[in-house]
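*Asks:* Please read through the structure below; I'll follow up with questions.
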Amino acid sequence: MASLSPLSFLATTKVSLCSPSSSNAPNGHRIAKVSCNGSNPQEQQQRQKKKKDIILGNRRDVLLGLGGLGASAAAFSYNPFATAEPVVPDVHGCNKPTLPPGAKPIACCPPNYENKEPIDYVIPNYQTLRIRKPAHDYDDLEKYKKALNIMKSLPDDHPHSWTQQSRIHCAYCHNSYHQKGHTDIEMQVHFSWIFFPFHRWYLYFYERILGKLIDDPTFAIPFWNWDAPEGMEIPAIFTDRKSPLYNDLRNQNHQPPTLVDLNWNGRTGVDTSGDVEANLATMYRQVYEVKRPICFYGKPFRAGDKPYSSRTGSGSVELVPHNTVHSWTGDKTQPNLEDMGALYAAARDPIFYCHHANIDRMWTIWKSFGRKDITDPDYQNASYVFYDENENLVRVKNSDAFDSKKLGYDYKQLDLPWQKAQPKPRRTKAQRNGRRVVKKVDLPFTLKDKIVSTVVKRPHINRSQAEKDEKEESLVFSLQFDRTKHLKFDVLINEEEDYNWANPKYREFAGSFVNVSHAAQTSSDAGSTETTFSIGITDLLDQLDADDEDSIVVILVPQYGDEVIVKDINISFEDCNN
Ligand code: C2O
């Protein structure tokens, strides 16, 4: 160990502290279990110490002590602190939401659920598919308006009312629902791998209920096609003041014909809306280029896991363009960019469901590239509770949502202009090597309004193609921040220290961390929010012709919002893989 260079700890993989085995869950499913109860007292003591070290942030000792690369191919499947069971909401204990400062108090819990036991949802046997179409070319507008008008006329406590539909989102992201079996821990549907399936189910019932209200089971909601130039405006169907699809609380500078900025920097900075090339490059980077399930879907979230911790982390699409489009759409004059820019309020804007239909479409498209769902049983069996179109309180699970066709719908096939929009290097290797003077900043550091650059050692260079196909090299940041505040910073690789702009059309732009205002802190979750942020860089380094270099320059460009503490930056070969 003594021969390790000071930077080596940055490059150590995450390793499993406990040994995996399997057992049968009460429901008969075989589940991965983590055995942390070794009988040997010495072992136990060591484990306690490691646990404490991790809690105290002494990751260096822990990681050094546990050896090197490739220590555990499946490290991410085994979380020593989780109970290795799927996360499930405690439907009998919905609470008042904790809202960000400045928000008007609201209730989020569903009506009359307290004494009901949810039943397992049986998916109808769909004979024809509902085809969701782009909002700029949507031929069911009259049906949608009619259905929404009925929905908006229902009494607030009706499970199908607009009020209730919009509150579902708040119930699942503002500390309202807690986890079954862990009633002190929030059930949170962002910051982890349950992001895609939860929102798929949410939209599914919204669509089924609308269809039921107009007695048309073929009714399909539109999607906001912000990934193609012709769909980048706020769709016209949402801007007619007399329509039930209209909402007042949106950014007035972002009305048509302004095009969306998927990389929006703008609470305060220059508004860069309308850069089609940058938008397409962003889509390429966040969707097409991300090959590994964990980096696409997000990190594990199991029963007993706290939603904001050094082990959770959003997938690529949740951060960008999901979060950026939320913030871009919300009203800048409101305290938390309500409606769309604050999660508790977002679903009060009908455009929310249209934005999320396109997010959901990205899941379908991503899999059409031959990429896979997560097979971990804790992912497959995570479940949620909704009122269905027949007013039954039903429980639904992730694995039933993997194939949208099973749920009776699909998306209209369109060109994907971003699939070929690979960003180009701004500088050649020769240009870059001319100047490479970077001050190393010690970790942890606070990122606020100045650009920070640092150097991260790469443990493996020049890996073979087979190795690259097997494991993604990823750059992992451990962060701490205030989740009620908006925040964005960009990451550039092998740029210059005094570099003061960032554009996704260049290959040196590696990704962004974006926070949308979330639930306020609670007593069970005292202290600041922690999370991880991972970026796959295998292809990026190849395209920068930098795979033979044993370190990378990492530049963090704060764009807006509150400060963020960067606790750690390391290279991992496990982080994106599952
Ligand atoms: Cu649940 Cu767009 O967020």
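Throughout the sequence shown, residue numbering follows full-length UniProt numbering, covering 1 to 578 in sequence.
Glycine included, C-beta positions come from ideal geometry on N, C-alpha and C.
Return yes when the Cβ of Pro-459 is within less than 8 angstroms of the Cβ of Lys-567, no when it is not.
*Replies:* Residue numbering aside, residue 567 sits at position 567 when the sequence shown is read from its first letter. Residue numbering aside, residue 459 sits at position 459 when the sequence shown is read from its first letter. Against a cut-off of 8 angstroms, the Cβ pair of Pro-459 and Lys-567 comes out as no contact.
*Asks:* So, Gln-480 versus Ile-565, is the Cβ gap smaller than 8 angstroms?
*Replies:* Within the sequence shown, residue 480 is the residue found at index 480, counting from 1. Within the sequence shown, residue 565 is the residue found at index 565, counting from 1. Yes. Within cutoff.
*Asks:* Return the Cβ separation of Ile-461 and Asp-550 in integer angstroms, given the expectation that the two are a contact with Cβ distance under 8 angstroms.
*Replies:* Within the sequence shown, numbered from 1, the residue matching residue 461 stands at position 461. Within the sequence shown, numbered from 1, the residue matching residue 550 stands at position 550. Indeed they touch by this definition, with Cβ atoms about 5 angstroms apart.
*Asks:* In this structure, does DSSP put Phe-191 in helix, strand or coil?
*Replies:* What you label residue 191 is simply residue 191 of the sequence shown in a count that begins at 1. Here Phe-191 sits in coil by DSSP.
*Asks:* Taking 7 angstroms as the cut-off, is the CB of Val-276 close to at least one heavy atom of ligand 1?
*Replies:* One-based indexing of the sequence shown puts residue 276 at position 276. Not so, every heavy atom of ligand 1 lies at least 7 angstroms from the Cβ.
*Asks:* Pick from Glu-277, Ser-316, Val-554: whose alpha carbon is nearest that of Lys-424?
*Replies:* Residue mapping note: residue 424 aligns to position 424 of the sequence shown, counting from 1. The option with the nearest alpha carbon to Lys-424 is Glu-277.
*Asks:* Could you check the C-alpha separation between His-92 and Arg-311 for me, to the nearest Å?
*Replies:* For the purposes of this step, residue 92 is identified with residue 92 of the sequence shown, where counting begins at 1. For the purposes of this step, residue 311 is identified with residue 311 of the sequence shown, where counting begins at 1. Cα to Cα, the separation comes out at about 28 angstroms.
*Asks:* Please state whether the Cβ-Cβ distance between His-254 and Ile-234 is less than 8 angstroms.
*Replies:* The sequence position of residue 254 within the sequence shown is 254, counting from 1. The sequence position of residue 234 within the sequence shown is 234, counting from 1. Yes, these two residues count as a Cβ contact at 8 angstroms.
*Asks:* Specify the secondary structure class of Gln-179 as computed by DSSP and reduced to three states.
*Replies:* Here the question's residue 179 lines up with position 179 in the sequence shown. Gln-179 falls in the strand class under three-state DSSP.
*Asks:* Would you grab the beta carbon distance between Lys-505 and Ala-281 for me? Rounded to a whole angstrom, and I think it's under 8 angstroms.
*Replies:* On the sequence shown, residue 505 is found 505 positions in, with the first residue counted as 1. On the sequence shown, residue 281 is found 281 positions in, with the first residue counted as 1. At roughly 5 angstroms, the Cβ-Cβ gap stays under 8 angstroms, so Lys-505 and Ala-281 are in contact.
*Asks:* If Asp-139 and Lys-133 are in contact, beta carbons under 8 angstroms, what's the gap, nearest whole angstrom?
*Replies:* Working through the sequence shown from its first residue, we reach residue 139 at position 139. Working through the sequence shown from its first residue, we reach residue 133 at position 133. That pair is a contact at about 7 angstroms.
*Asks:* Could you tell me the distance, in whole angstroms, from the CA atom of Ile-451 to the CA atom of Asp-339?
*Replies:* One-based indexing of the sequence shown puts residue 451 at position 451. One-based indexing of the sequence shown puts residue 339 at position 339. So the alpha carbons of these two residues sit roughly 31 angstroms apart.
*Asks:* Starting from the C-beta of residue 601, find all residues in its chain whose C-beta is less than 8 angstroms away, skip the five residues before and the five after it, and write them out in chain order.
*Replies:* The structure shown does not extend to residue 601, since the chain is modelled only from 1 to 578, so the question has no answer here.
*Asks:* Is the Cβ-Cβ distance between Thr-532 and Lys-306 less than 8 angstroms?
*Replies:* As a working note, residue 532 is residue 532 in the sequence shown. As a working note, residue 306 is residue 306 in the sequence shown. Taking 8 angstroms as the Cβ cut-off, Thr-532 and Lys-306 do not qualify as a contacting pair.
*Asks:* What does the alpha-carbon distance come out to for the pair Ala-466 and Gly-511?
*Replies:* Walking along the sequence shown from the start, residue 466 turns up at place 466. Walking along the sequence shown from the start, residue 511 turns up at place 511. Going from the Cα of Ala-466 to the Cα of Gly-511 covers about 25 angstroms.
*Asks:* Three or more C-beta pairs under 8 angstroms: does that hold for the segment 210-226 against the segment 146-165?
*Replies:* In short, these stretches touch, since the Cβ pair count reaches three.
*Asks:* Short check: CB of Val-396 to CB of Tyr-409, under 8 angstroms?
*Replies:* Taking the sequence shown and counting its residues from 1, one reaches residue 396 at position 396. Taking the sequence shown and counting its residues from 1, one reaches residue 409 at position 409. Cβ distance not < 8 angstroms, so Val-396 and Tyr-409 don't count as in contact.
*Asks:* Between the C-alpha atoms of Arg-285 and Arg-208, what's the straight-line distance to the nearest angstrom?
*Replies:* Taking the sequence shown and counting its residues from 1, the one referred to as residue 285 is at position 285. Taking the sequence shown and counting its residues from 1, the one referred to as residue 208 is at position 208. If you take the alpha carbons of Arg-285 and Arg-208, they lie about 33 angstroms apart.
*Asks:* At which residues does the alpha helix (DSSP H) containing Ile-168 begin and terminate?
*Replies:* Locating residue 168 in the sequence shown gives position 168, where the first residue counts as 1. Run containing Ile-168: 162-171, per the alpha helix (DSSP H) assignment.
*Asks:* Tell me the residue span of the alpha helix (DSSP H) that contains Lys-143.
*Replies:* Residue 143 sits at position 143 when you count from the first residue of the sequence shown. Unbroken alpha helix (DSSP H) run through Lys-143: 141-153.
*Asks:* Which class does Ser-530 belong to by DSSP, given the choice of helix, strand or coil?
*Replies:* Against the sequence shown, residue 530 aligns to sequence position 530. Note on identity: in this sequence residue 530 is Glu, with Ser being the wrong assignment. Glu-530 falls in the strand class under three-state DSSP.
*Asks:* Residue range of the beta strand (DSSP E) that Thr-484 falls in?
*Replies:* Here residue 484 refers to the residue found at position 484 of the sequence shown. From DSSP, Thr-484 is part of no beta strand (DSSP E); its letter is neither H nor E.
*Asks:* Give me, in chain order, the residues of the same chain whose beta-carbon lies closer than 7 angstroms to that of Asn-503; leave out the 5 immediate sequence neighbours on both sides.
*Replies:* To locate residue 503, count along the sequence shown from 1; it is residue 503. Closer than 7 angstroms at the Cβ level, and outside the excluded window around Asn-503, lie Ala-278, Phe-509.
*Asks:* Give me the DSSP bridge partner(s) of Val-87.
*Replies:* By one-based count along the sequence shown, residue 87 stands at place 87. Answer by DSSP bridge pairing: none, since Val-87 is not bridged.
*Asks:* DSSP three-state call for residue 619: helix, strand or coil?
*Replies:* The question about residue 619 has no answer, for the chain in this structure spans 1 to 578.
*Asks:* In the DSSP assignment, what residue or residues form a beta bridge with Phe-223?
*Replies:* In the sequence shown, counting from the first residue as 1, residue 223 sits at position 223. Phe-223 is bridged to Pro-134.
*Asks:* I'd like to know whether the C-beta atoms of Phe-489 and Glu-318 end up nearer to each other than 8 angstroms.
*Replies:* In the sequence shown, residue 489 corresponds to position 489, counting from 1. In the sequence shown, residue 318 corresponds to position 318, counting from 1. Contact flag unset, no.
*Asks:* Does the segment 513-521 come within contact of the segment 568-575, defined as at least 3 CB pairs closer than 8 angstroms?
*Replies:* No contact exists between the segment 513-521 and the segment 568-575.
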